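Data first, discussion second: the structure below is written as structure tokens.
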Amino acid sequence: MTTVPGRRSSTFTRLLRHGFIDPSAAEQLLDLNVFASVRSDPVLLEALGATADPDLALRGLVRIVEAEDEGERQVLLDTLVTAKPLRDRLLGVLGASEALGDHLARHPRDWQALVTYEAVDLHPGVAEFERGLAEAVDPDSLRVAYRRCLLTLAARDVCGTTDLAQTAAELADLATATLRAALTIARTAAPEDAAQCRLAVVAMGKCGGRELNYVSDVDVIFVGEARDGVDETKAMQAATRLAAHMMRICSETTVEGTIWEVDANLRPEGRNGPLVRTLSSHLAYYQRWAKTWEFQALLKARAVAGDPGLGAEYVEAVSPLVWGAADRENFVPDVQKMRRRVVDNIPVDRIERELKLGPGGLRDVEFAVQLLQLVHGRSDASLHSGSTLKALRALAEGGYVGRADAAQLDEAYRFLRSMEHRIQLYRLRRTHLVPEDEADLRRLGRSLGMRTDPVTELNKAWKRHASVVRRLHEKIFYRPLLDAVAQLAPAESRLSAKAAAIRLEALGYADPAAALRHLEALSSGVSRKAAIQRTLLPVLLGWFADSADPDAGLLGFRKVSDALGKTPWYLRLLRDEGAAAENLARVLSAGRLAPDLLMRAPEAVAILGDPEGLTPRTRAHLEQEVLAAVGRAGDAESAVAVVRGVRRRELFRTTAADLIDSYGTEDNPAEQDHGALVDRVGSAVSDLNAATVAGALRAAVRARWGDTLPTRFAVIGMGRFGGHELSYGSDADVLFVHRPREGVSDEEAARAANTVVGEMRRLLQLPTADPPLLIDADLRPEGKSGPLVRTLKSYEAYYRRWSLAWESQALLRAEPVAGDEDLGRDFIELVDPLRYPVEGLGEDAVREIRRLKARMESERMPRGADPTLHTKLGRGGLSDVEWTVQLMQMQHGWAEPGLRTTRTREALAAACAAELIPAEDAQTLDEAWVLATRVRNAVMLVRGRPGDTFPSDPREVAAVGRYLGYEPGHVGDMLDDYRRITRRARAVVEERFYGATS
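Per our numbering, the very first residue in the sequence shown carries number 146; after that it's consecutive.
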């Protein structure tokens, strides 16, 4: 074709209009002599333009035509322009699959397989595919025959002759025929092995469910039996050789490529188990050792090759085990574990392109359907299907899934599977990643019928369907539960009360009847409130079920809803603020402490919807608020009531933030820096307790003396309080110090100081709805026998004359928390030489400290407590780590400024920086201290009362495990990890504390 220089030819323009990306290259190809007879025929150009990738289709056609003999070449071209079925099929395949174009270039005569267009050809089954593979006698010829069959199958798919479900079923039928052909080749190669055994091949996974992909591992299980008169061991060896050979025939790469991997890892014991077992061996394993996921896999088991009688026996024998899996002891924790999407192993840059495992992916639909089958299939045989789409339809017809939800999931699943098929078809590679390249996306979009703006249309449709799956894959578990109790006008089949109870029990609810009553109370009726609840509850129920105590979560939600149901903002907050509902679900179902705090003032739920609501308030901010409240109050009791209310609100804020950070949410993963979690809690609780003490002090003074107490007064925080390391259940350890004002007698000052202390303690322990704050002054000089409050001079005289080693050690945590700031600083100046003695401790003092520690270990451990699990006094626990760190502070604090801190972790880091302890030992101690502190926090959060060891109640200890990041069913791992970490810490303590000499 010749054109005027600078002007594009009419062919170029037509090619551009027909969807060619590179019209110049296409024009050159059409100018080849081989196309002389057809290049001017308009039907060819139109047919190329109708394909997913016209450029790819034309290049593929050129390769076939050039590979043909001259005589056959013209037959192909003549048939191409005269027979529309062939034209659509051949060009459609070439425009969608580079790999099948390669096959046709190697085997150009195979285009003739696309000519046939009879009724049986439209929907072939296993028998037709077996005839297509019948001439295969070795791996190479089997591959060629397989690709020829696949060519016809793909042609029907891209031309729309078959839909997604039919294509997937045909791919499974072709796989069945291929397995049979491969087994025949293996038997022919080893007739002596074939004579010794019966061997059945059972398809699993997508092949078993007749919903296979273009390129997917074909999952199988092998069952063998000895033939009459043959020793079983020899028969199993023969069967294993046959099975292994069959797998190699399909999986190995030859000059004709490969077919697909045959994967037998779903067999009992996985890769570690024998490849072939007898039927009785299979059953023995499943009855004794199998896990829930193995029964989920068996749901799709289907005998496909080998001995048909043996295969049928296997399927019949395992079927009752599959449908009875929901009755197994560990079904609920297994389900809770399985319900979490396993995306940890997907690289971050790929997760958004994952069609199968990513959020809103195919696995979400498949898992949801399979789980509902296991739960309800034990009493409803209509659900016994290996096909996802058929099972979804049966679930909807039985009322187990809402019809509208099922229809949306069906549509989304079909679209996502179609995307997956076309992505794999292009190069016949096993992948579930959506491509990033513009040309690949364009081909993919066009292959799905999107022609105006294929890339934009594809991305929009993909995101829409993935969003539907994300939204519905959890809701389909729970929405029918509401339909069962909501008492609305009947519109479709509903879940029966019995089926609803079964489902709740399977999802971890210990009292399904009570749960159904709560759902009925929350969602019944036609009010706007009930309508919003019906929208919220399906999601909330899923979050509750993701916890260790779903029943408590649902009960708590009902209580909060009853308390706040009439307020205009509550349900609107949960509905419209994305994080609020999930945060509330986590808080209500993780234990007793946070819900108890919330129930005392339910309006605090607003904190959960505020982006800044979970950030702890600073001590200065809290003190300003409580002192202002005290100033407005009419008397001390009402003043401290407000102060304690502030403390309760801030405790709720802190517990909520801790739980949400520890559990993680759908948008924000769990905090991995556990030390940061501990530090945040310790600082927050210490700050709010300091503000509370400051408020109580101000209230006590104002009630009797107005603005000025006759003596200057300060509260010194001790122990974990002074160390900013308070846990939720800690008392406030303090010392009280005063200094008479000028002109005030010592007696009057002492009376005033003691009166203030007594009044503070009374006010903070008054019986109210708010939790009390217990003031513990037992670390004062002379302990309980000594005066409750002393002047600074009295402290100085005592410490100069009588101070013991343990008192100096206790002063390492001393820090002013309330009252007169100047007096507080003076107290610290007084005690610094005691806690950081110049030149460190003498040998006698070190021996005394070690002796005290050893005595405490032997005398103070509670009777019957497990010393390997006691967080405070146990091996490698808090006491071990703290005494080791404090010994280093007292020995070296005079010379190392970094050690002069009241905080354990800060002091340990400073000791490591000063090379007083190796980094590895410091890390070991820090890990143990953080873990022990988190366990104490967890026990308080879960039980609502403090404890120094793991709970004995199974549900409570499971909740502690969830807080610490352990999946359901892994309590044993948690306890083992605790013992291991603290055992290593104790070894460091033995060396650094008991073995140190300086």
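Just so it is clear, CB atoms sit at the ideal spot from N, CA and C, and this is done for glycine as well.
Just so you know, these numbers come straight off a predicted model, no measurement behind them.
Distance check between glycine 369 and each of Arg386, Gly354, Leu709, Glu770 places Arg386 closest, using alpha-carbon atoms only. Nearest Cα to tryptophan 468 within the set Arg574, Asp308, Gly531, Met1006: Gly531. Here leucine 911 is exposed: its Cβ has fewer than 16 other Cβ atoms, across all protein chains shown, within 10 Å. Runs of alpha helix (DSSP H) with 4 or more residues, each lying fully within the stretch 256-309, are found at 264-267, 271-278, 284-303, listed in chain order.
Non-local C-beta neighbours of aspartate 338 in its own chain, meaning closer than 8 Å and more than five positions away in sequence, comprise Arg332, Ala383, Ala384, Arg386, Leu387, ordered along the chain.
Spatial neighbours of alanine 1056 in its own chain (CB-CB distance under 6 Å, excluding positions within 5 residues in sequence) are listed in chain order as Met1033, Ile1062. Restricting attention to alpha helix (DSSP H) runs no shorter than 4 residues, the stretch 1088-1116 encloses them at 1099-1108, ordered along the chain.
Sorting Glu397, Leu500, Val207, Lys445 by C-alpha distance to the C-alpha of arginine 288 places Glu397 at the top.
The residue among Ala877, Val788, Pro761 with its C-alpha nearest the C-alpha of arginine 825 is Pro761. Rounded to whole angstroms, the gap between the alpha carbons of valine 579 and lysine 608 is 12 Å.
Annotated three-state conformation of proline 413 is coil, per DSSP.
Nearest to leucine 249 by alpha-carbon distance, out of Ala258, Leu259, Ile209, Pro284, is Ile209. Contact between the stretch 859-876 and the stretch 938-950 is absent, with fewer than three C-beta pairs closer than 8 Å. If the five residues before and after alanine 730 are omitted, its C-beta is found closer than 7 Å to the C-beta atoms of Leu685, Trp688, Phe689, Gly698, all from its own chain and listed in chain order. In this model, phenylalanine 165 and aspartate 302 are separated by some 22 Å (Cα to Cα). In the assembly as shown, asparagine 178 is an exposed residue. Its beta-carbon has fewer than 16 other beta-carbons within 10 Å. In terms of CA proximity to alanine 897, Thr856 leads the group Gly928, Pro917, Thr856. The alpha carbon of isoleucine 994 has as its nearest neighbour, out of Ala371, Gly1140, Gly544, the alpha carbon of Gly1140.
For isoleucine 394, the number of other beta carbons within 10 angstroms of its own is at least 16, and it is reported as buried.
Secondary structure remark: continuous alpha helix (DSSP H) runs of at least 4 residues inside the stretch 725-807, in chain order: 738-745, 764-777.
For leucine 918 and aspartate 803, the gap between their C-alpha atoms comes out near 20 Å. The C-beta of isoleucine 404 has 16 or more other C-beta atoms within 10 Å across all chains shown, which makes the residue buried. A contact is defined here as three or more CB-CB pairs under 8 Å, and the stretch 346-355 meets this definition with respect to the stretch 429-445.
The DSSP-derived three-state label of arginine 857 is strand.
Nearest C-alpha to alanine 241 among Tyr431, Arg254, Arg204: Arg204.
Apart from sequence neighbours up to five positions away, the residues of its chain that approach leucine 296 with a beta-carbon distance below 8 Å are Val238, Leu245, His248, Leu249, Asp255, Ala258, Leu259, ordered along the chain. Taking C-alpha positions only, methionine 1035 is separated from glutamine 954 by approximately 7 Å. At least 8 Å separates the beta-carbon of glycine 505 from that of valine 360. Going by DSSP, isoleucine 209 is part of the alpha helix (DSSP H) stretching over 199-212. In its chain, beyond the 5 residues on either side, Arg745, Ala786, Arg789, Gly790, Arg792, Arg793 have a beta carbon closer than 8 Å to the beta carbon of aspartate 915. Nearest neighbour of alanine 202 by Cα position, chosen from Leu160, Ala228, Val220, turns out to be Leu160. Our two residues, leucine 455 and serine 426, have alpha carbons roughly 14 Å apart in a direct line. A contact is defined here as three or more CB-CB pairs under 8 Å, and the stretch 1062-1080 fails this definition with respect to the stretch 883-898. The beta carbon of phenylalanine 476 lies closer than 7 Å to those of Thr437, Ala470, Ala651 in the same chain, with the five residues before and after it left out. Phenylalanine 1138 and alanine 963 have their C-alpha atoms roughly 34 Å apart. Apart from sequence neighbours up to five positions away, the residues of its chain that approach arginine 184 with a beta-carbon distance below 8 Å are Leu175, Asp176, ordered along the chain.
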